[in-house]
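K.L.:
My structure is below; once you've seen it, I'll send some questions.
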Amino acid sequence: MSDPVRLKAAEIAEALGDGSLTSVDVTQAHLDRIADVDDRLGAFLHVDPEGALATAADVDARRAAGETLPTLAGVPVAVKDLINTVGQPTTAGSRILEGWVPPYDATVVTRLRAAGLPILGKTNLDEFAMGSSNEHSAYKPARNPWDTERIPGGSSGGSAAAVAGYEAPLALGTDTGGSIRQPGAMTGIVGVKPTYGGVSRYGVIAMASSLDQVGPMARSVLDAALLHEVLAGHDPRDSTSLDAPVPSVVDAARRGDVTGLRVGVVKELGGEGFQPGVQQRFDETVELLAQAGAEVVEVSCPSFEHGIAAYYLVMPSEVSSNLARFDAMRYGLRVTPDGPPASAEQVMAASRDAGFGDEVKRRIILGTYALSSGYYDAYYGSAQKVRTLVARDFAAAFEQVDVLVSPTTPTTAWRLGEKSDDPLAMYLEDVATIPANLAGVPGLSLPVGLASDTGLPVGVQVLAPALADDRLYNVGAALERLVDAPVLADIDAGAAR
Amino acid sequence: MSSAISREDVAHLASLARISLSEDELDRLGAELPAILDHVAAVQEAASADVPAMSHPVPIDNVFRDDVVRPGLTPDEALAGAPASEEQRFLVPQILGED
Amino acid sequence: MSTQTSTPALVPFERAIERYDPVLGLEVHVELSTATKMFCGCATAFGAEPNTQVCPVCLGLPGALPVVNAKAVESAIRIGLALNCEIAEWCRFARKNYFYPDMPKNFQTSQYDEPIAFDGYVDLDVEGETFRIEVERAHMEEDTGKSLHVGGATGRIHGADHSLLDYNRAGIPLIEIVTRTIEVPAEKAPAVARAYVQHLRDLMVALDVSDARMDQGSLRADVNLSLKPKGSATLGTRSETKNVNSFRSVERAVRFEVSRHAGVLDAGQSILQETRNFHEADGSTSPGRPKSDADDYRYFPEPDLAPVSPSREWVEELRGTLPEPPAERRKRLQSEWGFSDLDMRDTVGAGALELVVATVAAGATPAAAKKWWLGELARRANEAGVGLDELGVTPEQVAGVQALIDEGRVNDKLARQVLEGVLAGEGSPEEVVTARGLEVVSDDGALGAAVDAAIAANPDVAQKIRDGKVQAAGALIGAVMKEMRGQADAGRVRELILEKLA
Ligand SMILES: [Mg+2]
Ligand SMILES: [Zn+2]
């Protein structure tokens, strides 16, 4: 048996099922791997060996007793530190929540526990999920296993690094403007943002409520589908959760047949502004789809060009309100300014100044501005109208085609610090991923090889209509076979072949 | 609409948002925000009057819960994360304003 | 906070309204009596130990999400219908953003430009005249937590060292009912304001949607008031008086603010736009929080909640559950009871309407029920400084006492003693009669002996009666009653005396 940390989740599940591995073995192997390499990756903010091993032992015992267990029972998982976990701190990557241990589990965590997945720990992220590089973590940057001088993407950079760097076979991310798909593309793994409302947001610390979705990150399309199935489904605690059947994503991931499928290439997401090495891999991927029997057409979505502008109004507006609760009164960091006895108001302002990082403050101020009287209609109001236009573009496109494809990101992973001084430049990196969040449709990014110009992973994004998440997995599985992208040999060691 | 935003505007926004920004931060945000606002102001041309605003990405309505009591947190759980507490209540600094 | 250099003298209300007309606006918050909070499953019981009715949602913990209480929406629609409002086909919740420690999320989930009910009215009868109050809107929102200020000399915020917060009340459903501006003859304004709030209280009770107790804060009124010089169309600056906690206080707050505004205006100063706090002790108001451009609540549609679009079928179904409107009910009761306008006004004014209804339902005549509640019981409530409903006697017990009289088992004097026993917690009227041995004696055996004794003790009187001076019997009756400690049937005693001395 090869090193358990190299196995995919589906392979681990099979080995657990036939008794060739125990969950304790697999979990311990991943804990050991984390202990070995995480000082280089910075993927984890908290590791929970006791909790993970206890779950693993419990699963092993139940299996030994002949119990029929869920498919992923015993397969370890890492959880983005934006998602509440009883018994483990949840910091959102922020000083303001340092050491905070939630008194309740997020619904997705409840589902992981019910399905018997040992939770290895909590992964690093940009503070409150605000960023595309993981450099905005208040604790430490996470690094890209392909080149630890480079960013792993963000905001789910810790989850991406953990999965790509063989610290975890599966991880949970959250995606508000691309925060699962973009780091997935940067680190050469699969990441899926489900349909808005497909997965519960209860217990997930909100960045922008109308955009946030939790989704799976994994090293194969099937693995992502297996995790998707655990996470998805109606939750009465989340009023925006869809009361609809979960699309059969696992079946789709096993099918992988694009014969006769109509695939639209989004004209506006490519060409100028996209790194040649990225564009080249994307073009090859489209060619492979056509060769496999898909019907490829070009589709125009003219409103997508305003997506970033709309996003950087809607998101900070909701951020400014969602993050108001971090005020040092009921939980979190309390900073009392020097001098005469401070009022509650002064303590709030001092604590928020000390507890929030620059990017968070920037977005709160921007959102406060966009919502303030006299500016609401011009900014927030207009941005919400652009959402309607983006949704209409999707609707029109999905009249013509079954799925849309584009490069996930304009570039491959950049060096740490390279874009830190120019927030706007960083925002523009989200151009391809943002439209799906604005419209609520699902998107998947999967690796399609390395860019010839940088030698770093390139991701291709597949988009489908709301509630048609299964189409993503069907196309993803087909592409996975067609492309056969090289995998990471080891940290900073390049491709295995 | 012009996206002129002054350092004073940033200070006012910071007070609305309850963040005591330092002088340096005010300077920096005062310089950064106009560039960002110039970019995002594009939504004003893109969105014409007859386009409806979209507050929720999926059209659902009437999501209700039955009026049935469910167990919540114990006082200990509720207060576990509190920076300070007294008499089973959250202790906060003096509140200025109305009495 | 005041920028005024001196406080101008108050102008007596009657003098003020010679020159100014008050323009009123009333905002009433009604706490719904649902079992759970607006957006979570926490209980809403009044007076629970601090922070025992809280959860991640109403504490605003990171990651928590709201879910709307169906019963609260139902109550909101019924209230809207009872206020003759339109019910929105589609509406949303909005976030009202401002920082305050009693508000866990630092935004209140409320409704803004899309209230569930709007454009209604109520008709009030005030001193025989009808006034129509237009209701601009009724919307759903959530209550805040409660703070206890510690270390200040007065227990108020100013001077307090710190505050202690209890979030049991945070998230309890509220309906805010907002009037359009009310312009009525100046001298009527205080009474109309009071009658409006009383009307809302009666309506909420009749709808069974709220306890509507001003003393417990489940019905709270804010009085907005400005003055305009008589004959002028220009509205003045308004003040918003908060913490008005009784019907009487509503009336007093209007009178005080009219006097205060007139004083300020007469002194050539201008009214500050501010909230004012009402003081129960002397009926005055004091400055609260100044209102300014800084009040920027940055409302936006609540993204965590789905819109509400009540079907027309549901609305009509709820319309079918509305109780008889209070004014119509009052008219019906008045005619059923045969009360005069004055009887009815006295009964309503004494807060005895529901008690009389219940006493009549328990078997008493309307006249008898009114006699008890507006007479003996009103006197006792007044002495004890409590409301009629807090006296500790139920309408059923009052009807029971009256039944004893009607059956001739006690006289009026004994009946008052029975009531005393009931109020002292000695049990039902029947039990008090038995325990205290209060029933009148009409048994000839026992009475005969007492009559014989009285005749024997008063031979002169007896002779007068024998001689035909029947009116002298009163002295012998008195002697018998004294002997029997008041418990004799006076009519039968008289008959026995006349028989024996015939
Ligand atoms: Mg309100
Ligand atoms: Zn609660």
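Line by line, the protein sequences give chains A, B and C. Read in order, the letters of the first sequence are residues 264 to 760 in the numbering used here. Read in order, the letters of the second sequence are residues 27 to 125 in the numbering used here. Read in order, the letters of the third sequence are residues 835 to 1336 in the numbering used here. Heads up, the beta-carbon is just placed ideally off N, CA and C, and yes, glycines get one too. Everything numeric in this text was worked out from a predicted model, so none of it was measured.
Tell me whether the region 1313 to 1331 of chain C and the region 1278 to 1291 of chain C touch, counting them as touching only if at least three CB pairs, one residue from each stretch, are closer than 8 angstroms.
P.N.:
Short answer: they touch.
K.L.:
Taking DSSP as the reference, what is the three-state secondary structure of C:Ser1276?
P.N.:
DSSP places C:Ser1276 in coil when its eight states are reduced to three.
K.L.:
Could you pull out every residue in the same chain whose Cβ sits closer than 6 angstroms to the Cβ of B:Ser28, ignoring the five residues on either side in sequence?
P.N.:
Low per-residue confidence applies at B:Ser28: pLDDT is 47, beneath 50, and the placement is therefore not dependable, though the value from the model is reported in the following sentence. Closer than 6 angstroms at Cβ, skipping near neighbours: no residue.
K.L.:
Which residues of chain A have a Cβ atom closer than 8 angstroms to the Cβ of B:Pro78, listed in chain order?
P.N.:
Result: Lys648 and Thr651.
K.L.:
Compute every distance between the C-beta of C:Cys919 and the non-hydrogen atoms of ligand 2, then say whether any falls below 8 angstroms.
P.N.:
Result no, Cβ not under 8 angstroms from ligand 2.
K.L.:
Please list, in chain order, the chain A residues whose beta carbon lies closer than 9 angstroms to that of B:Gln120.
P.N.:
The contacting residues are Pro604, Ala605, Ser606 and Ala607.
K.L.:
Nearest-angstrom Cα distance between B:Asp50 and B:Arg33?
P.N.:
Answer to the nearest angstrom: the Cα atoms are 11 angstroms apart.
K.L.:
In chain order, what are the residues with a CB under 6 angstroms from some non-hydrogen atom of ligand 3?
P.N.:
As far as ligands go, the structure on display features ligand 1 and ligand 2 and does not contain ligand 3.
K.L.:
What residues in its chain sit with their C-beta under 8 angstroms from that of A:Gly533, if we drop five residues either side in the sequence?
P.N.:
Cβ neighbours of A:Gly533 beyond the five flanking positions: Gln542, Phe545, Ser669 and Pro670.
K.L.:
Give the residues whose C-beta lies closer than 6 angstroms to at least one heavy atom of ligand 1, in chain order.
P.N.:
Matched residues: C:Ser944, C:Glu975 and C:Glu1010.
K.L.:
State yes or no: is the C-beta of C:Ser1093 within less than 9 angstroms of the C-beta of C:Val845?
P.N.:
Yes, these two residues count as a Cβ contact at 9 angstroms.
K.L.:
Note down the Cα distance separating C:Val1018 from C:Ile967, rounded to an integer number of angstroms.
P.N.:
Their backbone Cα atoms lie some 10 angstroms apart in a straight line.
K.L.:
State the Cα-Cα distance for the pair A:Asp501 and C:Cys876, rounded to the nearest angstrom.
P.N.:
For A:Asp501 and C:Cys876, the distance between alpha carbons rounds to 16 angstroms.
K.L.:
Rounded to a whole number of angstroms, what is the C-alpha to C-alpha distance between C:Val1227 and C:Val1256?
P.N.:
Cα-Cα distance, rounded: 7 angstroms.
K.L.:
Going along the chain, which residues of its own chain have a beta-carbon closer than 7 angstroms to the beta-carbon of A:Val372, five neighbours each way excluded?
P.N.:
If we look at A:Val372 and ignore the five residues flanking it on each side, its Cβ neighbours are Val342, Ile346, Asn347, Thr348 and Gly466.
K.L.:
Can you give me the start and stop residues for the alpha helix (DSSP H) that A:Ser761 sits inside?
P.N.:
The shown model of chain A, from 264 to 760, leaves out residue 761 of chain A, and the question about it has no answer.
K.L.:
Within its chain, find whatever has a CB closer than 7 angstroms to the CB of A:Tyr632; leave out the 5 residues flanking it on each side and keep chain order.
P.N.:
Tyr638.
K.L.:
If you compare alpha carbons, which of C:Gly985, C:Asn1002, C:Gly1065 and C:Leu866 is closest to C:Val907?
P.N.:
Comparing Cα-Cα distances from C:Val907 to each of C:Gly985, C:Asn1002, C:Gly1065 and C:Leu866, the minimum goes to C:Leu866.
K.L.:
Residues in the same chain with beta-carbon distance under 6 angstroms from C:Ser836, minus the five sequence neighbours each way, listed in chain order, please.
P.N.:
Per-residue confidence for C:Ser836 stands at a pLDDT of 42, beneath the threshold of 50, marking its modelled position as unreliable; the derived number appears in the next sentence. These residues qualify, in order along the chain: Pro1121.
K.L.:
By DSSP, does C:Ser1262 sit in helix, in strand, or in coil?
P.N.:
Residue state, collapsed to three classes: coil.
K.L.:
For the structure I just gave you, are there three or more beta carbon pairs, one from the region 513 to 533 of chain A and one from the region 450 to 460 of chain A, closer than 8 angstroms?
P.N.:
Not touching, per the Cβ criterion.
K.L.:
So that I know if they touch, is there some Cβ in chain B lying closer than 9 angstroms to that of C:Ser1143?
P.N.:
It does: the Cβ of C:Ser1143 has a partner Cβ on chain B nearer than 9 angstroms.
K.L.:
Would you say A:Leu284 and A:Pro312 are within 9 angstroms of each other, going by their C-beta atoms?
P.N.:
Cβ atoms of A:Leu284 and A:Pro312: not closer than 9 angstroms.
K.L.:
Should A:Ala607 and B:Val118 be called a contact, given that it needs their Cβ atoms to be closer than 9 angstroms?
P.N.:
Yes.
K.L.:
Can you give me the Cβ contacts of C:Asn885 inside the same chain, cut-off strictly under 7 angstroms, excluding the 5 residues immediately before and after it?
P.N.:
Excluding sequence neighbours, C:Asn885 sits near Asp1000, Tyr1001 and Asn1002.
K.L.:
So that I know if they touch, is there some Cβ in chain C lying closer than 9 angstroms to that of A:Ala752?
P.N.:
It does not: the Cβ of A:Ala752 has no partner Cβ on chain C nearer than 9 angstroms.
K.L.:
For chain A, find out if any of its Cβ atoms is closer than 9 angstroms to the Cβ of C:Gly894; answer yes or no.
P.N.:
Output row for C:Gly894: interface = yes.
K.L.:
Report the partner residues of A:Val310 according to the DSSP bridge assignment.
P.N.:
According to DSSP, A:Val310 bridges with A:Gly384.
K.L.:
Indicate whether C:Leu1069 and C:His1095 have their beta-carbon atoms separated by less than 9 angstroms.
P.N.:
No, these two residues do not count as a Cβ contact at 9 angstroms.
K.L.:
Using a cut-off of 7 angstroms between C-beta atoms, extract the partners of C:Val1266 located in chain B.
P.N.:
Ordered by position in chain B, no residue passes the 7 angstroms Cβ test against C:Val1266, which lies about 40 angstroms from the chain.
K.L.:
Going by C-alpha to C-alpha distance, which of B:Ser46, B:Asp35, B:Leu42 and B:Gln70 sits closest to A:Asp621?
P.N.:
Considering only alpha carbons, the answer is B:Ser46.
K.L.:
According to DSSP, C:Pro1019 sits in a beta bridge with which residue or residues?
P.N.:
Beta-bridge pairing links C:Pro1019 to no other residue.
K.L.:
Check whether the region 672 to 691 of chain A and the region 411 to 419 of chain A touch, using three or more Cβ-Cβ pairs below 8 angstroms as the test.
P.N.:
Segments in contact, yes.
K.L.:
Quick one: Cα of B:Asp125 to Cα of A:Asp590, how far?
P.N.:
No answer about B:Asp125 holds up, because its pLDDT of 43 lies below 50 and its placement is not dependable.
K.L.:
At 7 angstroms on the CB atoms, spell out the chain C contacts of A:Ile468, in chain order.
P.N.:
Here the neighbours are Pro896 and Gly897.
K.L.:
What does a CB cutoff of less than 8 angstroms around C:Ile911 pick up in its chain, not counting 5 residues either side in sequence?
P.N.:
Here the set comprises Ile921, Ile950, Ala951, Pro1144, Trp1148, Val1149 and Leu1152.
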